[in-house]
Amino acid sequence: MIVWSSPLWLTGLLIIPPALWWLHRFRRTGPEILVSCLLLWPTQKKSGETGSRTASADKIWLLRAFIGSALALALAGPGWLTVGQPPVHVWLDDSLSMGTVEEGGKNRLDSALQQLLAALDERRFPQVEVSSLTKPARPILHLSGEIRGQWAAKLASWIKLTDQEPQPPATLLMPAGTEHWVVSDGADDTLNDWIGVAPISRVFLSGRETENSVIGFVSVRPAPNRANAWLGLVQVANRGLQPTKRKLTLFGAGQTLGDWEIDLPAGETRQIEFVLPVASGREIIARLSPRDALSLDDELTLSLPNKISTRIIGNCNPYVMAALQTHPRIAFGEEAELAIVCGESTPPEKGAVVWLHQAETAKKPESPVLWLDRAEKLRGLFLKTEWLNVYKSDIGSSQPLLVAGSTPLVTLKVYPRPRVDCYLDVSQPEFVRQPEFPALIAGLLNTALADDLLDGINNQSRPAKGSQILPQALPGSFKADAMWKATEVQQADLSSDLILLLLPALLLDFWLSGGRTKTYRAGK
Amino acid sequence: MLIAARLFVLLLLGLAFWNPKLAWKNAPMDLFLLLDDSESMKIAWNRESWRQIGSELRKFPGAARLILIRYAAQPATESGLVELESEQAKTLLDADAPPRGQPIDGSSTNIEAALAHALRLTQPQRQSVFLVASDGLQTRGDATLLLRELNQRGTPILFYTPGSRLPQADQRIESFFVPDKASAGQQVPVTAMLRSDKDAKAELQLWVAGELRERQSIMLRAGQTATAQFITQACRPGPCPVSLVLASEEDAIPQNNRRDALIEVQGPRPLLYLQAQANPAPLADSLEKEGWDVHVASPDAFPREIKALEAFGSVVLDDIPFDAMPAAAWQALDESVRFGGLGLVVLGGPHSFAAGGYRQTLLEELLPVTAEAANPKESAAVLFVVDKSGSMDKEEAGASRIALARKSVLETLKTLGAEDQTGLIAFDAEPRLLLPLQRYADPAKAFTDGFAINAMGGTKLAPALDLAIGQLKQAQTAQRLLILVTDGVLEEKDLEPLKAKIVSLNIDLISLLVGSAKTNDVLGRLTQLNQGKMLRVERMAELPRLMSEEAASRRNPDETGVIQPRIQTPPPFLADAARWPELAGYMVTKPRPGATVYLVSEKQDPLMAAHYEGAGRVVVIPGGLGGWAENWPRWTEWGRFAGGLAQWVGNDAEGLWDVAIHDLPGEVALSIDTHESGPAGLGWVTVTDPAGASLQIQLSRTAVGFYSARLPATQKGIYRFTARIGEHHLHRSLIHDPQDEFFPSAASKQALQRWRAEKMLRPFPQDGLADLAKERDETGTRPVWLGLALSVYLALILIERLGLFPGTSRIAKK
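Same order as they appear, the protein sequences are chains A and B. Sequential numbering of the first sequence, starting at 6, is according to our numbering. Sequential numbering of the second sequence, starting at 51, is according to our numbering.
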């Protein structure tokens, strides 16, 4: 369809051709013929119509009328409205809820992708890019370079559902000159709000299921009042609209460790405590049965902490050895993830290191000692200055953890591998008999391994929102139809084509009119 | 000439085809001004930024809209879209300082959050420009990725840093350690690491609870650290503020010369024992003998302010009537229990609960019981007799006496049961039966409609009493109450006839003498006959309360006799006691939903009940530990009971739990490790901010015994936490004063350098608004060239046809 940007110029079509005809009919001109004698005039060859005495207009008016009309048309700004095909950027909700299996056995993601591919099929040569909404840093998938028949497979292999929440981009950061499509199940409020304000053209929604129960987290910690036992906690939640009855089973080391029948009213959360022997395998699995629409969140696996393989290098004094041997999480071995270096031996090249330095002379610290903020839990360990003897320290590129004045006494270096250097004399009799001594050794091990070995909590959890599968209505501010049309319609400018057409016509006109200015001289 | 003209037409057409662009007008632009208002941006720097930016913006040649966003830990939009050329913008920019209408936490700088906030406000059809004014320290978040992305999209980001940078010579307390808890009287170490940029002599001062405890002179060497330590004694149980101050001359940043902390000093907190009688109460006596710090006081000495109650761990009210303390004292008690976790024990007695006027009071709202019977007594007949003489028209407390009498009657109706019969007589010289004595379906409506009287006429009391007795005589109820409100006098001659009737009908006469009524001995004698009472109402505003208390106390009275407590739930502090001593009486109460009733009477009335009201545990013993419990102090378990009760109500889990409180910008992270199994999800924390506002948040349990919560903290000062998990609770306090702005990490200091090195920022004002103003809308010029081409072409034809070109001539019309 043709559209005009300045349609008033079209009135030129009514004025210019008649005016030109009039000029050529009634205002005919011819070349001025100079002759030496009037008698010679009739013998001169006449050019075209010029000078003719016919009643019709000069035929060149037609060409000129065309040129004038075309110029008027070009001024009117003709454009051709087309259904454009801008590139498509697909924002894909790859949160866990898209894995919900709907009636008919198909999951939400597959249904939504089917809709998406059908919509893309309506386009002849679409340029398509796909971005993950849960992992904004993930590289964009460019489908345009792929064979069209393989798009479905390419998408399926690219998508990895995660329990992360969607993080929609700011409008300003969305590619310009592109249509933005969203594939989602509408179960995330943040995403829905974004759809309401972002320049989104189409949304492919799928999903009706509302009922889902989830294992929110599993955690274990050493039991304080039982030897060789874990105290565990598992959280189960009903994120659906109906009450449900589920069976929770714990597995470990290939066997069932326990099971519970749980009645869960709608929206309720239950926490179940359990006790496990330490010898329950390397991991425990909590599983809900029977599986519901979103089975991906019906199971959670927690790796259980193992003993830390530790190697002793050098001659550690009996007090240090006693502190290590009584540590419940330390196991001695050669293939070690932790090395305790006593004295000036060479530490191994791999694994974390706790280096208890020794030197010929040790002296009392000259200033009070202070744990710095980065010492974290060790800050609570009060060391009296009078208990301590210290060696000369070398901080190098490490960070001080314990200082006396400007002298570092314990330092930490994180890269390239964790290393804790201790310049306290760990054989000082007054110090080694204090209850703070084994606490210091345990604290140094914790610092080197960045873990709380004695009372660490092992936790595996998933975000609560990831299991929300209830589809919500899109915000009222989202008007897909209006935006769809606005982005799809394109206008092609035709005035350039008209100008191109005009150039040869003008040249022809000038060539044809050229003869009219010829001057004939007598005798020529 | 002709050829030149034709070539000119061709040239014009060529230009039309090329369509060169020309700038016509400014692009629609939104300028986002992000102003760092964190603590590290000193006030002077902030003003400097504002002046500089203001003068540049005033010079901005084009049209733009301005949006002002102040930011620190979080952003806040101060002005919506303001046209830069508008008067509003001029007024805004002419001000000495930026508007600060929105509160923000200045303890950290989050440029990323500010940019993200501004991004959300951008509009796709307008050009967005970000102008960030900051000292370049980002102590929270990282704006690098966002800046990089904006750069890739060609969005201009102008960055303004104040001209003056941090002065070099600074002395500071680099690190500071104070134990977070200590026992009462314990010596605690206070250790600090100090650093100076130049050799300097300084003094380090230790302040404990606002008192200068110690000072040390210290020589600081340039670029070196020094440690200093004080050993000092902690304060009394409760939060103990400790401050370390480094006093030095010529210090660039004095804000980093002070560190504050709180030590939670453990130990049984003092117990405030309130008793009306002079004799020592058995419970207070026993506790004192056991070593408890018991402060015995009379009700009128009860603190009126929460601050004064913070020193106490619990309060015992021993048979205290509600009107024994003013409203301010009850308010302080209420807030201390709910938000401060103050323990409260309410002991019954003849002046407590219903008889003490607890019904529908602030105190009753705290209790695990209401001051009413679970099974009300048999129905009663309650007749109100109200004086409507002319003197009752007098205004007091903002209302006439008659209006207050009406209000009192309506209030009192609320304390009566649905089975009770009620009636109303008004009198002046003559009595008038306004509402006959009967059971009303909706007594409140009946009395509201029926109590339509104007005060006028004289006063004759005897006929009114006679009419009232006549009405009560007809009532077939177990109890008859006559409630009289008057400022009149009963004469001696009327006494005997009325006396006989009142005695025979067993009527309880309650007389409320209002205004300046003379001492009314005759009426007084009449009220003493049964369970009557005469009250002089000194202040008319108290009439509604006095009347409803008296009515309630007669409808829900005490139970007396030999009462053997029965165990419903064993009290946790004395779970092994199989038999409890007998009581001689108790006040009848009704347990609230959710309260735990430990001991009950044979009638299932509560004898000991408790619950948590907010953060504080409240225990009631309606029989009290006084006259009705004379056997209790002789009980072999009395010592365990008294100590256990005091400990339980003021129970503090200190020593049992590991508590970690991390002071973060804008929030406080609290984690509690109880190391034991517990009731699922039943952990709560009540936070009181420095302004006194309180908030209760459920703790989330992420492992057995491990609870945590993140609590908003936007004001500097002391935050008080009372955490409650299962049967235990704990108090902690924290001085919220994040120091990130004055002790930034190396990474946060280097951020600006990195952004500049990567050319992510355009320096302002050297490079900026003037350039942006040049970025204009460009429009094609094709119509101009086409128009010219058409005009010249037509002119050529016209000239040609008119034969005006040399060498051509017009051919005359045939």
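For glycine and all other residues, C-beta sits at the position ideal for the given N, C-alpha and C. Remember, it's a predicted structure, so these values are computed and weren't measured experimentally.
Inset, instruction - For chain B, find out if any of its Cβ atoms is closer than 7 Å to the Cβ of A:Ser224; answer yes or no. - result: Chain B, which has a Cβ nearer than 7 Å to the Cβ of A:Ser224, makes this yes.
Legend entry - Chain-ordered neighbours of A:Pro229 on chain B, where CB pairs are closer than 9 Å: Neighbours of A:Pro229 on chain B, chain order: His725, Glu726 and Gly755.
Inset, instruction - Please list the segments of the alpha helix (DSSP H) lying wholly inside the stretch 378-454 of chain A, counting only runs of 4 or more residues, in order along the chain. - result: Counting only runs of 4 or more, we get 434-437 and 441-454.
Inset, instruction - Please classify B:Ala494: does DSSP put it in a helix, a strand, or coil? - result: B:Ala494: helix per DSSP, three-state reduction.
Inset, instruction - Taking B:Met597 as part of the alpha helix (DSSP H), name the residues at either end of that continuous run. - result: Residues Leu593 to Arg605.
Inset, instruction - Please check if any C-beta of chain B sits within less than 7 Å of the C-beta of A:Ile504. - result: When Cβ-Cβ separations below 7 Å define contact, A:Ile504 makes contact with chain B.
Legend entry - 7 Å Cβ cutoff, B:Arg851 in contact with chain A: Interface residue, yes.
Inset, instruction - Grab me the residues of A:Pro91's own chain with a C-beta within less than 7 Å of its C-beta, minus the 5 sequence neighbours each way, in chain order. - result: Answer for A:Pro91: Gly182, Thr183, Glu184 and Thr492, listed in chain order.
Legend entry - Range covered by the alpha helix (DSSP H) that runs through A:His29: Unbroken alpha helix (DSSP H) run through A:His29: Gly17 to Phe31.
Legend entry - Helix, strand or coil at B:Ser561 [DSSP, three-state]: B:Ser561 sits in a strand when the DSSP states are folded into three classes.
Inset, instruction - Please confirm if B:Ala405 has its CB atom under 7 Å from at least one CB of chain A. - result: Not one chain A Cβ lies under 7 Å of B:Ala405.
Legend entry - Chain-ordered residues of the stretch 173-195 of chain B with a beta carbon less than 9 Å from chain A: Going along the stretch 173-195 of chain B in chain order, one finds Gln173, Pro174, Ser178 and Leu195 with a Cβ nearer than 9 Å to chain A.
Legend entry - Three-way DSSP call (helix, strand, coil) for B:Val59 in this model: Assigned with DSSP and collapsed to three states, B:Val59 falls in helix.
Inset, instruction - Please decide whether B:Gln836 counts as near chain A, where near means a Cβ-Cβ distance under 7 Å. - result: In the sequence as presented, Gln is not what sits at residue 836 of chain B; that position holds Leu. B:Leu836 counts as touching chain A.
Inset, instruction - Could you name the residues of chain B that A:Thr72 contacts, counting a contact when the two beta carbons are closer than 7 Å? - result: Note on residue identity: the sequence assigns Ile, not Thr, to residue 72 of chain A. A:Ile72 reaches chain B at Tyr843, counting residues in chain order whose Cβ is nearer than 7 Å.
Inset, instruction - May I ask you to list the residues that DSSP assigns as paired with B:Arg812? - result: Beta-bridge pairing links B:Arg812 to B:Leu208.
Inset, instruction - Measure the alpha-carbon distance for A:Pro352 versus A:Asn320 and round it to whole angstroms. - result: Linking A:Pro352 to A:Asn320 through their CA atoms gives a straight-line distance of about 13 Å.
Inset, instruction - Let me know if B:Ala468 comes out buried or exposed under the rule of 16 or more other beta-carbons within 10 Å of its beta-carbon. - result: By the Cβ-count criterion, B:Ala468 is exposed, with fewer than 16 other Cβ atoms from all chains shown falling within 10 Å of its own Cβ.
Legend entry - Sub-7 Å separation of A:Ile443 and A:Ala328 beta-carbons: Here residue 443 of chain A turns out to be Pro, not Ile, going by the sequence shown. Contact: yes.
Legend entry - Inter-residue spacing [alpha-carbon to alpha-carbon] between A:Ile255 and A:Thr306: Checking the displayed sequence, the identity of residue 255 of chain A turns out to be Leu instead of Ile. The alpha-carbon atoms of A:Leu255 and A:Thr306 are separated by roughly 10 Å.
Legend entry - Distance between B:Ser178 and A:Val208 (C-alpha atoms, nearest Å): Approximately 27 Å, taken between the alpha carbons.
Legend entry - Residues near A:Ala5 by beta carbon distance below 8 Å, same chain, minus five either side: With chain A running from 6 to 529 in the structure shown, residue 5 of chain A is simply not present.
Inset, instruction - Would you tell me roughly how many angstroms separate the C-alpha atoms of A:Asp126 and A:Asn112, rounded to the nearest one? - result: Those two C-alpha atoms are separated by around 21 Å.
Inset, instruction - Can you have a look at B:Gly391 and say buried or exposed, based on whether 16 or more other CB atoms are within 10 angstroms of its CB? - result: Counting Cβ neighbours within 10 Å, B:Gly391 comes out buried, since at least 16 surround it.
Inset, instruction - Just tell me which of A:Leu101, A:Leu13 and A:Ile72 has its CA closest to the CA of A:Gly471. - result: Of the candidates A:Leu101, A:Leu13 and A:Ile72, the one whose C-alpha sits nearest the C-alpha of A:Gly471 is A:Leu101.
Inset, instruction - Quick one: residues in its chain with C-beta nearer than 6 Å to the C-beta of B:Ser267, no 5 flanking neighbours on either side, listed in chain order? - result: The beta carbon of B:Ser267 sits closer than 6 Å to those of Glu253, all from its chain and outside the five residues before and after it, given in chain order.
Legend entry - Any chain B beta carbon closer than 7 Å to A:Ala444: Taking Cβ atoms only, chain B never reaches closer than 7 Å to A:Ala444, which makes this a no.
Inset, instruction - Would you verify that the beta carbon of B:Lys863 is, or is not, closer than 7 Å to some beta carbon of chain A? - result: Confidence at B:Lys863 is low in this model, with a pLDDT of 45, below 50, so its placement is unreliable and no value can be given for it.
Inset, instruction - Starting from the N-terminal side, write out each stretch of the alpha helix (DSSP H) that is 4 residues or longer and does not extend beyond the stretch 603-639 of chain B. - result: With a minimum length of 4 residues, no continuous alpha helix (DSSP H) run stays inside the stretch 603-639 of chain B.
Legend entry - Among A:Val187, A:Glu435, A:Asn394 and A:Gly263, the one whose alpha carbon lies nearest that of A:Lys368: Ranked by how close their Cα comes to the Cα of A:Lys368, the residues A:Val187, A:Glu435, A:Asn394 and A:Gly263 have A:Asn394 in first place.
Legend entry - Helix, strand or coil at A:Arg128 [DSSP, three-state]: Reduced to three states, the DSSP call for A:Arg128 is coil.
Inset, instruction - Classify B:Gly64 as buried or exposed, calling it buried when 16 or more other Cβ atoms lie within 10 Å of its own Cβ. - result: By the neighbour-count rule (16 or more Cβ atoms within 10 Å), B:Gly64 is not buried but exposed.
Inset, instruction - Compare the C-beta of B:Gln274 with all C-beta atoms of chain A and state if any pair is closer than 7 Å. - result: Yes, because at least one Cβ of chain A sits closer than 7 Å to the Cβ of B:Gln274.
Inset, instruction - Per DSSP, which residues does B:Met79 bridge with? Please list them. - result: Listed as beta-bridge partners of B:Met79 by DSSP are B:Ala114 and B:Gln177.
Legend entry - Collapsed DSSP secondary structure at B:Gly574 in the structure displayed: In the three-state reduction of the DSSP assignment, B:Gly574 falls in the helix class, which pools H, G and I.
Inset, instruction - Under 7 Å between beta-carbons, which chain B residues line up against A:Pro373? List them in chain order, please. - result: Close partners of A:Pro373 in chain B (Cβ separation under 7 Å): Thr241, Thr277, Ala278 and Gln279.
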